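Trainee:
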Amino acid sequence: MQDTVATIEIAPKPAAHGMTRRARIVRSSTFFIPVIILTLIVLVAIFAPLLAPYNPVKISLTDRLMPPFFAEGGSTEHFLGTDKLGRDVLSRLIFGARISLSVSLLVILITSAIGTMLGIIGGYLGGRTEAFLMRITDICLSFPAILVAMLLAVSMGPSFTTVVLAVSVLGWAPYARLIRGETLKLRDADFVAQARIIGSSPVRIMLRHIFPNIVNPLTIIMTLQVGLLIIVEASLSFLGVGIPPPEPSWGNMVNDGRNLIDTAWWISTFPGIAIALVVLSGNFLGDWLRDKLDPKLRQL
Amino acid sequence: MSDVILKVENLQTSFFTRAGEFKAVGGVSFEIHEGETFGLVGESACGKTVTGLSLLRLLPEPAGQIVGGKIILDGINILELHKEEMRNIRGKKISMILQDPMTSLNPVYTIGDQIAEPIRQHQGIQDRNELVDEVISALRFLQIPAPEQRIHDYPFQMSGGMRQRVVGSIAMSCRPRLLIADEPTTALDATIQAQYLALFKSIQEQTDIGILFITHDFGVVADMCHRVAVMYAGKILETASTSTIFKAPLHPYTVALINSVPRLDQKVDRLYSIEGQPPSLLNLPPGCRFAPRCPDVMDICHEQQPKEVQVDDGHSVSCWKVS
Amino acid sequence: MADVLLEVRELTKHYPVKMGLLQRTVGWIRAVDGISFTIERGKTLGLVGESGAGKTTAAKAILLLERLTSGNILFEGKDLYQFSRSQLKTEYRPSVQSVQQNPWSSMNPRMRVRDIIAEPLIVNTKQSKKEIQTRVLELLEQVGLSTEHAPYYPHEFSGGQRQRIAVARALALNPSLVVLDEPVSALDVSIRAQIMNLLKDLQGQYNLSYLVIAHNLATVRFMSHTVAIMYLGQIVEYGDSEVVLQRPLHPYTKALISASTLTLPEDREQGVEPIILSGEMPSPLNPPPGCRFHTRCPEAREVCSREIPELRKFGNRWVRCSQLV
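So the protein sequences, as listed, match chains A, B and C. First residue of the first sequence: 144, per this note's numbering; consecutive thereafter. First residue of the second sequence: 7, per this note's numbering; consecutive thereafter. First residue of the third sequence: 501, per this note's numbering; consecutive thereafter.
(1) Of the choices B:Arg299, B:Lys327, B:His88 and B:Ser322, whose alpha-carbon is the least far from that of B:Ile306?
(2) I'd like to know if C:Met519 contacts chain B, where contact means its C-beta is closer than 9 Å to some C-beta of that chain.
(3) Identify whether C:Pro516 lies in helix, strand or coil by the three-state DSSP scheme.
(4) Suppose you measure from the CA of B:Glu37 to the CA of B:Val14; what does that come to, to the nearest Å?
(5) Of all the options C:Lys543, C:Trp528 and C:Arg721, which has the alpha carbon lying nearest to the alpha carbon of B:Leu270?
(6) Check whether the Cβ atoms of B:Phe219 and B:Thr19 lie closer than 9 Å to each other.
(7) Measure the CB-CB distance between B:Glu189 and B:His222 and report whether it falls below 9 Å.
(8) Give me, in chain order, the residues of the same chain whose beta-carbon lies closer than 7 Å to that of B:Asn83; leave out the 5 immediate sequence neighbours on both sides.
(9) Compute the minimum distance between the beta carbon of B:Gly45 and the heavy atoms of the ligand GDP, and state whether it is under 8 Å.
(10) Just to confirm the assignment: which complete alpha helix (DSSP H) runs, minimum length 4, are found wholly within the segment 682-711 of chain C?
(11) Contact criterion: CB-CB distance below 9 Å. Does C:Glu576 meet it with respect to chain B?
(12) If you follow the beta strand (DSSP E) that B:His321 is part of, which residue opens it and which one closes it?
(13) Express the C-alpha separation of B:Val323 and B:Ala343 in angstroms, rounding to a whole number.
(14) What's the gap between the Cα of C:Asp688 and the Cα of B:Gly74?
(15) Give me the Cα-Cα distance between C:Ser646 and C:Leu640, rounded to the nearest whole angstrom.
(16) Would C:Pro751 pass as an interface residue toward chain A - the criterion being a Cβ-Cβ separation below 9 Å?
(17) For C:Val623 and chain A, any beta-carbon pair shorter than 9 Å?
(18) Is DSSP giving B:Glu136 helix, strand or coil here?
(19) Mind reading off the beta-carbon distance from C:Ala714 to C:Gly546? Whole number of angstroms is fine, and I expect it under 8 Å.
(20) Measuring only the C-alpha atoms, how far is B:Gln170 from B:Ser179?
(21) Quick check: what's the CA-CA separation for B:Glu309 versus B:Cys325?
(22) Does the Cβ-Cβ distance between C:Gly659 and C:Ile691 come in under 9 Å?
(23) Select from C:Phe583, C:Ala800, C:Ala668 and C:Lys555 the residue whose C-alpha is nearest the C-alpha of C:Ile735.
(24) Give, in chain order, every residue of the segment 185-218 of chain B whose Cβ lies closer than 7 Å to some Cβ of chain F.
(25) What does B:Thr116 pair with, by DSSP beta-bridge criteria?
(26) According to DSSP, B:Lys89 sits in a beta bridge with which residue or residues?
(27) Within 9 Å (strictly less), CB to CB, does C:Arg509 reach chain A?
(28) Between the segment 605-620 of chain C and chain A, which residues of the former have a C-beta closer than 7 Å to a C-beta of the latter?
(29) Determine, using beta-carbon pairs with one atom in the segment 252-259 of chain A and one in the segment 302-322 of chain A, whether at least three such pairs fall under 8 Å.
(30) So, for A:Gly224: in the same chain, excluding its five sequence neighbours on each side, which residues have a beta-carbon less than 7 Å away from its beta-carbon?
(31) Give the residues from the segment 653-669 of chain C that approach chain B closer than 7 Å (Cβ to any Cβ), ordered along the chain.
(32) Suppose you measure from the CA of B:Ile215 to the CA of B:Ser175; what does that come to, to the nearest Å?
(33) Starting from B:Ala30, trace the beta strand (DSSP E) in both directions and tell me its first and last residue.
(34) I want to verify the contact list: residues of chain C whose CB lies under 8 Å from the CB of B:Arg276, in sequence order.
(35) Would you kindly report the start and end of the unbroken beta strand (DSSP E) that includes B:Thr245?
(36) Note down, in chain order, every chain C residue with its Cβ under 9 Å from the Cβ of B:Glu49.
Set out below in structure tokens:
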């Protein structure tokens with residue numbers, strides 16, 4: 144007696160039929176535009192040495208405070224103008240992408256790995272392990288992150304490594320909390336009970352059954368963190384405890400131009416726009432992912 | 007014969023999705039009289055729930071649309087009514103009870119508040135004391151003990167059976183003409199189900215209400231329904247009185263379905279089962295929808311849809327074998 | 501003499517109710533209160549009861565998902581709680597597998613069917629990948645699916661097909677006992693018959709024992725050789741299923757049978773009166789004094805609220821009722 148494989152839709156997908164043309168365009172653009180923007184920025188960061196017209200740290204006091212090419216007094220020699228030390232803003236913007244994104248991605252990798260691991264272990268094993276891990280998580284969550292980052296940066300001296308460490312030391316906590324919540328939901332799932340009945344070890348269950356099923360919410364959070372971390376890095380640099388000069392990061396570029404906003408507005412504005420673009424793109428992408436991934440999980 | 011409350015003529019409801027048009031209900035017709043319980047029986051995805059929702063025009067929009075037919079309630083085609091007019095009908099003339107009492111009730115409001123809401127809206131009673139009296143009498147109507155204390159309870163404080171009674175109170179509070187009950191006892195234990203059905207039978211005797219009882223459980227059909235229609239893949243295959251359906255079913259699907267239900271009063275070694283699965287509502291076969299699985303299939307069954315034939319008084323079948 | 505595979509003696513499981521800042525235990529949920537039964541090799545025991553009766557808790561205890569508060573479980577004559585951890589892993593677990601009620605949640609949605617069925621083999625045997633895959637395809641065919649189904653994900657199958665996959669998974673280790681918790685109640689009527697037929701066939705083929713938990717008496721009658729009726733944590737009637745279901749003695753059994761039988765209007769005209777119980781099952785936190793069923797029993801008398809009835813033998817079945825002496 145053979146059954147044929149049937150894909151049965153339990154709930155119909157939302158209607159494309161009933162949507163206006165406008166709605167459909169908006170829906171797909173929430174995916175494509177952010178992806179394109181982010182991809183471009185990543186490519187810029189990777190190929191920075193090839194793309195930047197000038198050396199970003201090269202000082203040229205004769206070319207100080209030149210406006211961007213489209214403003215009065217600007218020239219196409221320095222497309223986006225120069226800062227108070229005569230360094231080309233465009234080149235610094237390009238190399239800044241590299242630094243800012245590297246910090247962001249590195250921190251995301253470190254914090255998500257630690258947070259996920261602790262979240263799954265605490266959530267699945269329960270009891271005292273969970274209580275202990277969650278207390279530590281709560282403590283980390285209740286510390287003002289910027290303050291801790293500042294303290295670390297000040298005591299270790301600002302550098303790329305310091306920034307990454309400073310943000311990571313507390314940054315894993317939100318992941319741990321979220322993943323522990325998701326693990327709790329899964330811990331009582333029927334298929335996890337089945338795995339225990341079969342005789343699977345807790346490690347196997349955590350790796351094979353729990354982790355693959357929390358990948359979706361994890362991915363969403365990671366995507367949303369991209370924008371957030373750019374802002375954290377920018378804030379630290381803005382406060383003077385981020386990436387130290389002369390290396391450009393979008394944050395310290397904004398800081399550099401802070402006092403010249405009324406006269407040399409371009410020094411802070413362009414990095415500011417870049418930050419905004421990444422944050423918006425990351426958020427749109429994260430929202431799109433959430434819409435795409437969650438309903439399917441619900442249907443299952 | 008008592009008055010006809012509801013007459014459904016060739017109702018067609020579809021869901022429009024990216025994958026295509028799901029023809030959930032493909033032309034369904036039936037009548038419900040005063041004081042009668044009409045059963046709509048079928049397996050999952052046969053269209054019985056969608057039929058119930060269509061009667062209240064509560065389909066999830068924009069995907070769900072009624073694409074054809076008439077729903078005539080006390081002489082008026084409700085498909086032609088405006089939204090405000092329809093809102094006046096819901097809860098007042100037609101009411102509905104759903105399967106899951108957990109999600110039918112709002113967890114953050116007391117049950118008193120929830121029962122009061124339709125009373126306030128449809129009967130225009132604003133005075134608090136009058137409302138409380140009405141709520142208590144609605145609870146008493148469903149035989150809920152100690153109603154004066156119960157009005158302050160929250161849903162989580164009650165058992166499943168009690169919650170279903172509260173849902174019933176809400177549905178009955180404005181004395182509707184027609185009640186649509188969508189699998190109301192599926193989530194209840196057998197003995198609680200028996201209580202609940204007995205209660206509704208007595209309510210029906212008191213109020214002459216018509217009930218459309220949607221279910222997959224033949225035991226409930228035997229207990230509750232006067233007449234029953236068997237649905238499959240969006241169409242009604244057979245309509246008859248309950249005793250006829252059990253004693254002399256004509257459509258092969260009805261026969262197979264009844265035979266595949268294990269009976270407590272029979273001992274068999276093997277259960278009769280129907281091979282295969284229901285068709286996809288996206289891709290319905292051109293002929294009779296049951297043809298791919300029918301043990302009595304003939305050539306014409308694959309080619310043309312059978313027409314409904316009146317076999318007897320109140321007994322109609324859509325089957326080439328019978329016409 | 502009967503070949504007893506599993507025996508349960510006075511199995512008791514109480515859950516503590518804790519309240520307050522210091523988590524003090526204020527009461528006990530007496531989910532299962534001293535039940536005893538045996539399951540013979542190759543036979544089926546049906547455990548029947550409504551929600552709150554304790555049948556799922558009993559099943560969980562047998563599957564080692566819950567620790568007993570007191571009582572014994574004997575597997576092939578040996579007390580489970582004397583087994584060492586590794587003995588449990590090598591001797592007990594592979595022999596006792598389960599099929600759960602909900603075919604949608606009992607399988608990891610991110611695993612392919614072939615991996616789902618292979619998992620018991622991967623965890624418990626040292627077979628090679630090839631050997632395991634061969635066995636997986638074998639199992640798929642035994643449950644009526646095609647080998648082509650192996651690389652698909654669970655959500656691509658219907659409920660009935662998923663239950664077949666669950667059965668295949670349960671059979672992978674050649675168990676002697678399969679615990680089936682409401683195996684067909686989530687399925688469509690016409691599919692239920694398919695799955696029940698399959699289970700019966702497999703039982704005959706492999707001399708499997710089944711513990712079937714169900715609230716539907718007709719399902720139980722079809723599948724079981726013996727049946728135990730549970731109410732509020734206790735067994736109220738226990739014996740050969742034909743005897744218990746055809747000639748019930750306990751009033752609760754009679755009410756359950758009445759609620760589960762198809763009674764047509766004309767049957768009622770012929771004087772068949774349905775038994776409708778009043779009220780609901782009390783909370784296991786606070787069972788009624790005396791006989792736990794007396795608050796709803798249509799045949800209750802004064803003695804029932806005082807005396808706690810014992811399970812007594814009546815012919816070849818056991819009944820717990822103060823009125824039957």
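Don't be surprised by glycine CBs; every beta carbon is placed ideally from N, CA and C. None of the values given here were measured: they were computed from a predicted structure.
Mentor: Reading from the atomic positions:
(1) B:Ile306 has its Cα closest to that of B:Lys327, out of B:Arg299, B:Lys327, B:His88 and B:Ser322.
(2) No, no contact with chain B.
(3) Strand at C:Pro516.
(4) Put simply, the backbone Cα of B:Glu37 is about 6 Å away from that of B:Val14.
(5) Checking every option, the nearest Cα to that of B:Leu270 belongs to C:Arg721.
(6) For B:Phe219 and B:Thr19, no; Cβs fall outside 9 Å.
(7) Closer than 9 Å, so yes.
(8) Cβ-Cβ distances below 7 Å link B:Asn83 to Lys76 and Ile77 in the same chain, with the five nearest sequence neighbours on each side left out; the list follows chain order.
(9) Ligands are entirely absent from the displayed structure, and the ligand GDP is therefore not among its contents.
(10) With a minimum length of 4 residues, the continuous alpha helix (DSSP H) runs that stay inside the segment 682-711 of chain C are 689-706.
(11) Residue contact with chain B for C:Glu576: absent (no Cβ-Cβ distance below 9 Å to any residue of chain B).
(12) Secondary structure note for B:His321: its beta strand (DSSP E) is the uninterrupted segment His321 to Ser324.
(13) The requested residue 343 of chain B is not part of the displayed model; chain B covers only 7 to 329.
(14) In a straight line, the C-alpha of C:Asp688 is about 29 Å away from that of B:Gly74.
(15) Cα to Cα, the separation comes out at about 6 Å.
(16) For C:Pro751, the answer is no, since every Cβ of chain A falls outside 9 Å of its Cβ.
(17) Answer yes: the Cβ-Cβ gap between C:Val623 and chain A drops below 9 Å somewhere.
(18) B:Glu136 sits in a helix when the DSSP states are folded into three classes.
(19) Contact flag correct, Cβ pair sits at about 6 Å.
(20) It is roughly 14 Å from the alpha-carbon of B:Gln170 to the alpha-carbon of B:Ser179.
(21) Using only the alpha carbons, I get a separation of about 13 Å.
(22) Going by C-beta atoms, C:Gly659 is nearer than 9 Å to C:Ile691.
(23) For C:Ile735, the nearest C-alpha among the options comes from C:Lys555.
(24) The structure shown contains no chain F; the protein chains it does contain are A, B and C.
(25) B:Thr116 is not bridged by DSSP to any residue.
(26) Beta-bridge partners assigned by DSSP to B:Lys89: none are found.
(27) For C:Arg509, the nearest beta carbon of chain A is not closer than 9 Å to its own beta carbon.
(28) Within the segment 605-620 of chain C, the residues whose Cβ lies closer than 7 Å to any Cβ of chain A are, in chain order, Ser605, Ser606, Met607, Asn608, Pro609, Arg610, Glu619 and Pro620.
(29) Output reads yes: the segment 302-322 of chain A touches the segment 252-259 of chain A.
(30) Counting only Cβ-Cβ distances below 7 Å, and skipping sequence neighbours, we find Met209, Pro210, Pro211, Gly217, Val232 and Trp409.
(31) Within the segment 653-669 of chain C, the residues whose Cβ lies closer than 7 Å to some Cβ of chain B are Ser658, listed in chain order.
(32) Answer to the nearest angstrom: the Cα atoms are 14 Å apart.
(33) DSSP places B:Ala30 in the uninterrupted beta strand (DSSP E) bounded by Gly26 to His39.
(34) Result: Asn697 and Lys700.
(35) Lys241 to Ser247 is the extent of the beta strand (DSSP E) around B:Thr245.
(36) Those are Asp688, Val689, Ser690 and Ile691, listed as they occur along chain C.
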